[in-house]
Amino acid sequence: MSIFRAISPANAGSAPSPLIDPFARVISYVRVSVTDRCDMRCIYCMSEDMNFLPKRDVLTLEELDRLCTAFVSRGVNKLRITGGEPLVRRGIMGLFRSLSRHLESGALAELTLTTNGSQLANCAADLAAAGVRRLNLSMDTLDPNKFRAITRWGDLAQVLRGVDAAQNAGIAVKINMVALKGVNEAEIPHMLEWAHGRGMDLTLIEVMPLGDVEAERTDQFLPLSLVETRLAERYVLEPIDFATGGPARYLHAKETGGRLGLITPHTHNFCEACNRVRVTCTGTLYMCLGQDDAADLRAPLRASSADDLLNGAIDAAIARKPRGHDFVVDRRGAKPAVARHMSVTGG
Ligand code: SAM
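In terms of the working numbering, the sequence shown has 280 at position 293, counting the first letter as 1, and numbering is strictly consecutive.
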């Protein structure tokens, strides 16, 4: 019998109120990190020697299900499972299968994930069966040696098999590429043509000062305003009114016929329309990716099998969601904007 069988549907009982922050933004999107562990060590994301959390601190899959369900019952209609690398968590497909009941009930519009693709060749068919229609795959280069250098441990061929498997399973893949000065900046047109040639969107991301990594952030940072200017010399790029519920703004590239997303936390602040919060695998709720304020949801989750305490903690946290973050990468040796790595908060 499924370990998730006894969990109730999100819409059981009276309808709880939606989540609205002090700036009248409706919180409809939650990103849940299911593990802080990863089978890669991207140079901008993690340090080579990471200390991972002890198992007792990490929410069980049943607790993660309950937490996600509590958010869904409060009007959250988009869930993104992330990490660390979500597909390295043992039993993770059980969570996807269980959460798919919220897609079936109509409470959830989308169940998706962000992955490095290393396990995708094995998981894609099961993800599709659980209702995953779209995923974000992080890939910063198509050069196998550079891929190894950026990820420290990754195997590009394995990830490419994952891309094939996802597309064969009918899952739309969006490629996320962190733009790194002097590392992959010359490869952006090639990545654009490759992604669009396979019917995939490409989204470029500016590196954010999250957590200490060995590299100097000012050496990594490449403003996308510059990238956009360069790309506009080769392609006709037209702004389009396309949104996925995330922070990217989109352009249509006339020559390739595909979409280019730009996530520009520095050159274009993406906070005004923020509809998201993030929960770590320990049940810590971050109301903003770039701020330290957080709320512990694990204690109320574990203190009672009813959701009253949990809902109270969520309400109190949403009531202090900040207007936005304040990333600056302008000084050598500057401390990260927040101490935690992206792998902790979940991308
Ligand atoms: N392991 C999964 C993956 O690789 O997609 C999910 C977690 S990963 C932390 C999520 C995304 O965050 C990836 O696209 C990664 O490139 C991005 N990321 C990590 N650290 C970042 C940073 N400091 N600045 C910008 N993006 C970052």
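Ideal Cβ positions, reconstructed from N, Cα and C, are used throughout, including at glycine. All figures in this text were calculated on a predicted structure; none of them were measured in a lab.
What do you reckon, is the C-beta of I175 under 8 Å from a heavy atom of ligand 1? One-based indexing of the sequence shown puts residue 175 at position 188. Incorrect: I175 has no Cβ contact closer than 8 Å to ligand 1.
Pick out whichever of G233, G245, R265 has its Cα sitting closest to the Cα of P252. Taking the sequence shown and counting its residues from 1, one reaches residue 252 at position 265. Out of G233, G245, R265, G233 has the C-alpha closest to the C-alpha of P252.
For G71, report the span of its beta strand (DSSP E) as first-last. One-based indexing of the sequence shown puts residue 71 at position 84. First-last for G71: undefined, no H or E at that position.
Cut-off 6 Å between Cβ atoms - residues of its own chain near V63, not counting five sequence neighbours on either side: Here residue 63 refers to the residue found at position 76 of the sequence shown. Answer for V63: S15, V17, listed in chain order.
Could you check whether the Cβ of I192 sits closer than 8 Å to any heavy atom belonging to ligand 1? By one-based count along the sequence shown, residue 192 stands at place 205. Yes; taking the cut-off as 8 Å, the Cβ of I192 has a heavy atom of ligand 1 nearer than that.
Can you tell me whether DSSP reads R12 as helix, strand or coil? In the sequence shown, counting from the first residue as 1, residue 12 sits at position 25. R12 falls in the coil class under three-state DSSP.
From which residue to which residue does the alpha helix (DSSP H) around E50 run? As a working mapping, residue 50 is identified with position 63 in the sequence shown. Its alpha helix (DSSP H) spans residues 48 to 60.
DSSP three-state assignment for H239, whether helix, strand or coil: Within the sequence shown, residue 239 is the residue found at index 252, counting from 1. It is a strand residue.
Report the partner residues of T22 according to the DSSP bridge assignment. For this step, residue 22 is matched to residue 35 along the sequence shown. Per DSSP, none; premise fails for T22.
Provide the residue(s) that pair with K161 in DSSP beta bridges, ordered along the chain. One-based indexing of the sequence shown puts residue 161 at position 174. For K161, which the question treats as bridged, DSSP gives the partners N123, D188.
Best match in V214, G270, L276 for proximity to P287 [C-alpha to C-alpha]: Mapped onto the sequence shown, residue 287 falls at position 300. Measuring from the Cα of P287, the nearest candidate turns out to be G270.
Between W140 and N103, what straight-line distance do the alpha-carbon atoms span, to the nearest angstrom? Indexing the sequence shown from 1 puts residue 140 at position 153. Indexing the sequence shown from 1 puts residue 103 at position 116. Answer to the nearest angstrom: the Cα atoms are 12 Å apart.
In angstroms with no decimal places, state the Cα-to-Cα distance between E35 and K161. In the sequence shown, residue 35 corresponds to position 48, counting from 1. In the sequence shown, residue 161 corresponds to position 174, counting from 1. Cα to Cα, the separation comes out at about 27 Å.
Comparing C-alpha positions only, which one of T47, V19, E97 sits nearest to R289? By 1-based counting over the sequence shown, the position of residue 289 is 302. Looking from the CA of R289, the closest CA among T47, V19, E97 belongs to T47.
DSSP three-state assignment for F208, whether helix, strand or coil: The residue given as residue 208 occupies position 221 in the sequence shown. Strand at F208.
Just to confirm the assignment, what range does the beta strand (DSSP E) spanning D283 have? For the purposes of this step, residue 283 is taken as the residue at position 296 of the sequence shown. Its beta strand (DSSP E) spans residues 281 to 283.
Reducing DSSP to helix, strand and coil, say where M329 ends up. Here residue 329 corresponds to residue number 342 of the sequence shown, with the count starting at 1. In this structure, M329 counts as helix in the three-state DSSP scheme.
Any idea what DSSP makes of R148, helix, strand or coil? Reading the sequence shown from its first residue, position 161 is the one you call residue 148. For R148, the three-state secondary structure derived from DSSP is helix.
Below 9 Å between beta carbons: does that hold for E97 and L90? Taking the sequence shown and counting its residues from 1, the one referred to as residue 97 is at position 110. Taking the sequence shown and counting its residues from 1, the one referred to as residue 90 is at position 103. Yes, the Cβ-Cβ distance between E97 and L90 is below 9 Å.
Beta-carbon within less than 7 Å of A281's beta-carbon, same chain only, minus the 5 sequence neighbours each way: which residues are those? Reading the sequence shown from its first residue, position 294 is the one you call residue 281. Closer than 7 Å at the Cβ level, and outside the excluded window around A281, lie T271, L272, Y273.
Mind checking I227: buried by the 16 CB within 10 Å criterion, or exposed? The sequence position of residue 227 within the sequence shown is 240, counting from 1. With fewer than 16 Cβ atoms within 10 Å of its Cβ, I227 is classed as exposed.
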